[in-house]
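A.B. asks: What follows is a single structure, and I will ask about it in a moment.
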Ligand SMILES: Cc1cc2nc3c(=O)[nH]c(=O)nc-3n(C[C@H](O)[C@H](O)[C@H](O)COP(=O)(O)OP(=O)(O)OC[C@H]3O[C@@H](n4cnc5c(N)ncnc54)[C@H](O)[C@@H]3O)c2cc1C
């Protein structure tokens, strides 16, 4: 097959988007070809995994569709991109080609009683703000609040609100307008199960140009900050707090060493484990009682429109990112889940040298990020096996292959993208990881 003519594609894209709508500048291409994969020392050793030949910057959903059509006509690989905050290299254009940066297509189109509709590049914080102005709140958003709705649906899984509603695969997505190489520049409107086919598979079956997701009535949230002598005391409290009704939006906890890496705050006292929650105002008294009974101390209770965002940016992978930044080259992490995180904490933290758990109250069971000192890929994978034996659910953030409904995605992509132009390298049924070992 003849390679794509990128000079001709660039000229076509410039005609469509104007000269500022496309770039072949090396710095722009490199910038558009990285994500958060450096969080994994295993993937970091392999970087760069690919560099785009061109970057396009469509400003509307219809332009996203037209860009995909042009790239498909030229036979160019197409990797969609939001803000590039994904963790595993899933946004890296491994075959080069065109990166479609959707971040300028960010119009918020409609806020209804139950849903909000926006273009793919709208940020989660902009969506939450628009919902709030209409007396509503998003069902969920990730701790990377500046990431895009397209990137969150295609690459993320959950965050603030997940305790009540589960992951973004579970009813959050109401409808999508997607473009595929075979749709010839037309947007296909899909709803329900059909829309799920385009969720959490990294744009390999189609590119989300517009999304409609769920909102609910705005609640009066309080930021509750507590501390404990020992992390182990905070864990049963976290589990109980996650079961309060109305359900909190977030309950996070960290051992003292991780808490010490977070931005300085008098509500995060030195040498103590930290527990932070976004609680419905009606449950603050109950939350206080649970925390104090477990041996904890209330450090502060904050209110105002900013409390949700302030605590969200300290949740999920963010404490790990702070930890890695504070001691570069020392720590890796794996994503873990299950009650064993609370019930077998010593064994869980003992799996890796220097093991420390950041934990969140989850929908069915706690979710966490287990950090440890990095030795080798083999040691990481051996630890994953040990964690599995302990009854811990593990997702390895050291691999970029689609691992959510892979068979269904392969089937869908065979119809929507028979030439395999969409985000090549992420849909390999025989994939066993970037290095030898048992990873899923
Ligand atoms: C410190 C840190 C904390 C994080 N916390 C969370 C968290 O709490 N919850 C969570 O779920 N994730 C989390 N993540 C992962 C990531 O930040 C989120 O999933 C984020 O929502 C991704 O959005 P993005 O705009 O950056 O997408 P990108 O990183 O740009 O893209 C993510 C994936 O989706 C594809 N994609 C992008 N846009 C589209 C589109 N329009 N259509 C189809 N495919 C597309 C990309 O090709 C890529 O494969 C975290 C990451 C970091 C580094």
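Residue numbers (full-length UniProt numbering): 1 to 440.
Just so it is clear, CB atoms sit at the ideal spot from N, CA and C, and this is done for glycine as well.
This one's a predicted model, so the numbers in the text were calculated from it and none came from an experiment.
Buried or exposed: residue 361, going by 16 or more other Cβ atoms within 10 Å of its Cβ?
C.D. replies: buried
A.B. asks: Which runs of the beta strand (DSSP E) spanning at least 3 residues fall entirely within the region 112 to 184, listed in chain order?
C.D. replies: 115 to 119, 136 to 138, 173 to 179
A.B. asks: Is the CB-CB distance between residue 204 and residue 364 below 7 Å?
C.D. replies: No. Outside cutoff.
A.B. asks: Following the continuous beta strand (DSSP E) through residue 190, name the residue where it begins and the one where it ends.
C.D. replies: 188 to 191
A.B. asks: Assuming residue 502 and residue 85 form a contact by the criterion Cβ under 8 Å, report the distance between their Cβ atoms to the nearest whole angstrom.
C.D. replies: This structure leaves residue 502 out entirely; the chain is present only between 1 and 440.
A.B. asks: Please confirm if the region 381 to 397 is in contact with the region 322 to 336, defined as three or more CB-CB distances below 8 Å between the two stretches.
C.D. replies: The region 381 to 397, when compared against the region 322 to 336, does touch it at the 8 Å Cβ threshold.
A.B. asks: Ordered along the chain, which non-local residues of its own chain (more than five positions away) have a Cβ less than 7 Å from that of residue 257?
C.D. replies: 356
A.B. asks: Any idea which residues DSSP pairs residue 332 with across the strands?
C.D. replies: Answer is 372, bridged to residue 332.
A.B. asks: In terms of alpha-carbon separation, which member of 386, 264, 208 lies closest to residue 507?
C.D. replies: Shown here, the chain extends from 1 to 440; a query on residue 507 therefore has no answer.
A.B. asks: Leaving aside the five residues before and after residue 183 along the sequence, list all residues of the same chain whose C-beta is less than 6 Å from its C-beta, in chain order.
C.D. replies: The beta carbon of residue 183 lies closer than 6 Å to none in the same chain, with the five residues before and after it left out.
A.B. asks: Quick check on residue 127: buried or exposed, where buried means 16 or more other Cβ atoms within 10 Å of its Cβ?
C.D. replies: buried
A.B. asks: By Cβ distance below 6 Å, which residues in the same chain neighbour residue 464 in space, the five residues on each side in sequence not counted?
C.D. replies: Absent from the structure is residue 464, since the part of the chain shown begins at 1 and ends at 440.
A.B. asks: Does the beta-carbon of residue 325 have 16 or more other beta-carbons within 10 angstroms, so that it is buried, or is it exposed?
C.D. replies: exposed
A.B. asks: Of all the options 351, 221, 138, which has the alpha carbon lying nearest to the alpha carbon of residue 277?
C.D. replies: Of 351, 221, 138, the residue nearest in Cα terms is 221.
A.B. asks: Kindly indicate which three-state DSSP category residue 322 falls into: helix, strand or coil?
C.D. replies: helix
A.B. asks: Entirely within the region 10 to 61 and at least 4 residues each: give me those alpha helix (DSSP H) ranges in chain order.
C.D. replies: 26 to 31, 41 to 44
A.B. asks: In this structure, does DSSP put residue 64 in helix, strand or coil?
C.D. replies: helix
A.B. asks: Which ranges does the beta strand (DSSP E) cover as unbroken runs of at least 3 residues, wholly within the region 66 to 92, from first to last along the chain?
C.D. replies: 78 to 81
A.B. asks: Based on Cα-Cα distance, which residue from 94, 308, 63 lies nearest to residue 76?
C.D. replies: Of the listed residues, the one whose Cα sits closest to residue 76 is 94.
A.B. asks: Leaving aside the five residues before and after residue 87 along the sequence, list all residues of the same chain whose C-beta is less than 6 Å from its C-beta, in chain order.
C.D. replies: So the qualifying residues of the chain are 36, 39, 397.
A.B. asks: Specify, as a first and last residue, the run of the alpha helix (DSSP H) that residue 222 falls within.
C.D. replies: It is not in any alpha helix (DSSP H) - residue 222 instead sits in the beta strand (DSSP E) that spans 221 to 228.
A.B. asks: Rank 113, 137, 188, 180 by C-alpha distance to the C-alpha of residue 73 and give the top, closest one.
C.D. replies: 180
A.B. asks: Would the beta-carbon of residue 202 fall within 7 Å of that of residue 156?
C.D. replies: no
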